[in-house]
Structures are given as C-alpha cells and as structure tokens.
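Read the structure below first, then the notes.
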Amino acid sequence: IVKDLPYKRGDEVLAFVNGMGGTPLIELYVIFNAVNRYLTGEGIKITRSLVGNYITSLEMAGCSVTLL
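What follows is the structure in structure tokens.
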C-alpha cells in the first residue's frame, strides 16, 4: 500500500485517522503516531491531523487512515 501513495518528499498532507466506533481514542493516537513517524521519515509533512470517531459503524472495532 505504501508504494502506491502518490506523495513524495516535501509534500504536505492532512492525516485523518477515523475510528469505527469501538476503538479507544488512545489506540487511534497510537496509529496516528505510527503514520506520523513513517511520513516524517519519508520527508512528508502533516499540516493538519484529525483523530477520532467521525464516521462510525455501530461500535465496530478498527480504524481507517486517510491522507489528503
């Protein structure tokens, strides 16, 4: 999946970590931290981040990561 990302060194992105409803917020921040570390290592800057339960599915466990 990572190799399919259209971003390159110097790009700026919005990172959106969305919980499905049943995942604790602290776990969503663990995922965000991993995304942040990876992108920083690739020279991609996160200019805005959203972490939380925005689009849920009846207390379903898990999350989605979107980069814009």
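Take -1 as the starting number for the sequence shown in our numbering and just add one per residue. Ideal Cβ placement from N, Cα and C applies to all residues, glycine included.
Asked                                                                                            : Found
Cβ-based neighbour list, Lys1, same chain, cut-off 7 Å, excluding 5 preceding and 5 following    : none
Contacting residues, own chain, Cβ-Cβ under 6 Å from Arg46 (five flanking each side not counted) : Leu12
Candidates Arg7, Leu37, Asn51 and Lys43: closest to Gly19 by CA position                         : Asn51
Contact check, Cys61 vs Ile24, beta carbons under 7 Å                                            : no
Identity of the residue in Ile44, Phe14, Asn16 and Val49 nearest Arg86 by Cα                     : Past the boundaries of the shown model lies residue 86; the chain is included only from -1 to 66, so the question cannot be answered.
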